[in-house]
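**Student:** Sharing a structure below in structure tokens format, with a few things to ask.
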Amino acid sequence: MTQPQTLAPRPVRESYSEMNEIVLPNDANPLGALLGGRLMHWIDMAGAMAAHRHSRQYAVTASIDHLDFLVPVHVGDLVILRSSVNRVFHTSMEVGVKVWVENYLQDSCEHVSSAYLTFVAVDRAGQRLPVPAVIPETPEQQRRYDGAGRRRENRRVERERRINRR
């Protein structure tokens, strides 16, 4: 029997990803504002990039916490999505995604939304795979690492509450 391979921890910076999108008419509602579903798709893609970079495996979305849309985004705006792994829990990872809107004509940039997603590393057959630990290197990364532990516990409690309601 082979022993499980020890996975070397990786710093948060190795998972950092940035994705940029220009809002086109096809991304918007009749009022010219970005569709919430399109933004959710972009958030999922940005989160997946960080999860793939960290785990170096396939990663599938297991959950996403609630989303608040803080400011509207319009056709022609530039959307910037920044993501990185906050914490690892054996086969799952919490990834934080922060979304900004830049209006380059008005030289303004505003926070649109933030999301926490949980991804699970899997092989081609869908079997869970272990993920290397993440190393926070800055006070902000440590704050997000600590917060991820609290959010995980809150998700567990909520999941049990839903199961017991059935």
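The sequence shown maps to residues 319 to 484 in my numbering. Here a beta-carbon is modelled for each residue, glycine too, at the ideal position from N, C-alpha and C.
(1) At a cut of 8 Å, does the segment 435 to 448 reach the segment 377 to 391 through at least three beta carbon pairs?
(2) Identify the continuous beta strand (DSSP E) that holds residue 334 and give its terminal residues.
(3) Report the three-state DSSP secondary structure of residue 370 (helix, strand or coil).
(4) With C-beta atoms as the reference, is residue 418 less than 8 Å away from residue 408?
(5) For residue 351, which option in 387, 450, 415, 474 has the closest C-alpha, if you only look at C-alpha atoms?
(6) Can you tell which of 347, 414, 359 has the C-alpha that lies nearest to the C-alpha of residue 372?
(7) Classify residue 394 as helix, strand or coil using the three-state DSSP reduction.
(8) Leaving out the 5 sequence neighbours to the left and right, which residues in its chain are closer than 6 Å to residue 456 when beta-carbon positions are compared?
(9) For residue 463, report the span of its alpha helix (DSSP H) as first-last.
(10) Once the 5 residues before and after residue 376 are set aside, which same chain residues still bring their CB inside 8 Å of it?
(11) When the distance is taken between beta carbons, is residue 448 closer than 8 Å to residue 327?
(12) Would you say residue 330 and residue 402 are within 8 Å of each other, going by their C-beta atoms?
**Tutor:** In brief:
(1) yes
(2) Premise fails: residue 334 is in no beta strand (DSSP E) and is neither H nor E.
(3) For residue 370, the secondary structure class from DSSP, reduced to helix, strand or coil, is helix.
(4) no
(5) 387
(6) 414
(7) coil
(8) none
(9) Note, residue 463: alpha helix (DSSP H), 457 to 483.
(10) 370, 439, 440, 441, 442
(11) no
(12) yes
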